[in-house]
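For the sequence shown, my numbering assigns the number 2 to the initial residue and increments by one for each residue that follows.
By construction, the Cβ of each residue, glycine as well, lies at the ideal position given by its N, Cα and C atoms.
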Amino acid sequence: MSIDPALARFCDGREAEHLEVLKRWIAVPSVSADPERAADVAACCRVVVEYMRAIGLEAEVLETAGNPIAYGQWLGAPGQPTVLIYGHYDVQPVDPVELWNSPPFEGTVRDGKIFGRGAVDDKGQVLMHLAAIDAHLRTRGRLPINVKVVVEGEEETGSPNFDEAVKRYARQFAADAAVISDTSVFSEDVPSLTTSVRGLVHWDVEVRGPAEDVHSGYYGGAVVNPLEALASILAGLKDADGRVAIPGFYDGVAELDPALARELAALPYDETEEARKLDVPALGGERGRGPLECMWYRPTLECNGIWGGYHGPGYKTIVPSWARAKLSARLVGEQDPIRVRKLVSEHIERNAPKGVRVRVSDGGSVRPVVISRDHPVVAAAARAMEAGFGKAPVFIGTGGSIGPVATFDRILKIPQVLIGVGLPDDRIHAPNEKFNLKQFFGGIKTMAALYDELPRSGLGAGGGESPKRTG
Ligand SMILES: [Zn+2]
């Protein structure tokens, strides 16, 4: 599998130019979590729209109830499929800023990498697509497919207005397939495509004891301690094998297919090395299952925070009035977020120790998404990646949750491909985020090859087939 030499030549000849564009984008501090950066966020949207226009897309700013979406389209291939390319121009905050080796909003090239906030997550990966579109339009005057590029500004804050925008701009979002470049490959030598994404829900647990903190000498031993009650509730959520002990929790979770299990085992993954990097004595998880299986193909139930009582200097001998904890679960396969929320809430309330009142509130509804690797769009992406990186990709999962992936699955019901080329050590969301130039330039060629592969994939035009789901 190889890329059209004319396209490859164009991409090679424009590397310096693409790097300059990426630096200009990094220079706009589009931190969506920071209200003080609202003007920068809006400015970044305009910068992306202007670039889309410069390379020949029809582009506009789509207003939403939150940050605007940069939208561009090229629809000059009648009878060919329409592909929706998704990415985001907003970025994570940069603190602690003193840990950066170069200014976060100044794209700086060192050792074959460009450093800066948003370099890979996701400005650089959005730019890969626009550069690839540019390559097609400038070498051939046209694209082999129709494209719609959607670059949103709220991914890093959970895409709160994205579902609404997809419904409001139904015409702009109508497509036969979605291509998303906001993930990493397994490693530099192991290109990969992501075919499963976990869902996400969360809980707030409050345990109430006496109306106010009471003297532990007078009442200790007679009044149930809310902190201890909460600790016992949490401890009861899993059994000794690390399995969630709530009946029905695993409904919709399939056992790993033997072929998939063999693939997992063949990946170059060193558990000891991983533990060393994390600075933990050993990795955990469900007994009898490896870390990759636990991270990608099994659900979790985690305590994210726990607090209450006295934690100042010295001692304060009380039975505290209350205790609280935050929990979240990552979901896989066919687990239903709303059902899991209810199941866990009811389980905790039902098993509340006597002598305290327990209140649970729940939220979140991000569904897990499983993408069939047999889908022709995924096969096309695999061929394109081989063209761009010289090696056929393996299929992996991601433990994280990408809200828009669930949106495309649920609202648009179109097949999608997660074809990101970041590396696991890119330090996204952390100081010194970087994008290896080899990945960036290889990614541009991959996307250029992908657009050529898609019309050959048998993907229908105008309507799109619904994504086939597998356990
Ligand atoms: Zn991202």
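In this structure, the alpha-carbon of E454 lies about 56 Å from that of A324. In the DSSP assignment, L332 falls within the beta strand (DSSP E) that extends over 323-332. Taken in chain order, the unbroken stretches of beta strand (DSSP E) that lie wholly in the segment 127-159 and span 3 residues or more are 147-153. For the pair P105 and S402, the Cα-to-Cα distance works out to about 25 Å. Within the same chain, A178, P416, V418, S458, L460 come within 6 Å of V378 by CB-CB distance, once the 5 residues on both sides are set aside.
Residue environment for W204: buried (at least 16 other C-beta atoms within 10 angstroms of its C-beta).
Judged by beta-carbon spacing, L194 lies within the 8 Å limit of A383, meaning their Cβ atoms are closer than that value.
In this structure, the straight-line span from the alpha carbon of P94 to that of A267 is close to 37 Å.
Residue ranges of uninterrupted beta strand (DSSP E) with 3 or more members, entirely inside the segment 259-333 and ordered along the chain, are 301-309, 323-332. If you look at T399, you'll find it in the beta strand (DSSP E) that goes 395-399.
In the displayed model, W101 falls within coil according to three-state DSSP, outside both helix and strand. Counting along the chain, V225 sits inside no alpha helix (DSSP H), nor does DSSP assign it H or E at all.
Scanning the segment 412-466 from its first residue to its last, the whole beta strand (DSSP E) runs of 3-plus residues come out as 417-419, 435-437. Between the segment 345-359 and the segment 230-247 there are three or more C-beta pairs closer than 8 Å, enough to call the two in contact. At the C-beta level, G159 and G404 come within 8 Å of one another. Annotation for R15: no residue places its beta carbon closer than 6 Å to its own, counting only its chain and skipping 5 residues before and after. The beta carbon of R360 sits closer than 6 Å to those of E207, all from its chain and outside the five residues before and after it, given in chain order. Taking 7 Å as the cut-off, the C-beta of E156 counts as close to a heavy atom of ligand 1. A residue is called buried once 16 or more other Cβ atoms fall within 10 Å of its Cβ, and L100, having fewer, is exposed. About 5 Å separates the CB atoms of V152 and Y90; that is less than 8 Å, so the two are in contact. Straight through space, the alpha carbons of M386 and A449 are spaced by roughly 10 Å.
Taking each of I319, R209, A40 in turn and checking the Cα distance to G222, the smallest one comes out for I319. With 5 Å as the limit between CB and the heavy atoms of ligand 1, the residues that fall short of it are D122, D123, D183. Within 10 angstroms of the beta-carbon of E256 lie fewer than 16 other beta-carbons, which makes it exposed.
Straight through space, the alpha carbons of R139 and L332 are spaced by roughly 44 Å.
Under the Cβ criterion (8 Å, minimum of three pairs), the segment 436-451 counts as touching the segment 127-135. DSSP places T196 in the strand class (E or B) of the three-state scheme. In this structure the segment 110-118 lies against the segment 427-443, because at least three pairs of beta carbons, one per stretch, are closer than 8 Å. In the three-state scheme derived from DSSP, where H, G and I count as helix and E and B as strand, E189 is classed as coil.
One thing to note: G398 has its Cβ no nearer than 8 Å to the Cβ of D122. Rounded to the nearest whole angstrom, the C-alpha separation of P354 and P321 is 16 Å. Rounded to whole angstroms, the separation of the alpha carbons of G108 and G306 is 35 Å. A residue is called buried when at least 16 other Cβ atoms come within 10 angstroms of its Cβ; W26 meets this threshold and is buried. For D363, the enclosing beta strand (DSSP E) starts and ends at 358-367. P300 places its beta carbon less than 8 Å from that of V254.
From the listed residues V186, A43, A330, I445, the smallest Cα separation to A393 is found for V186.
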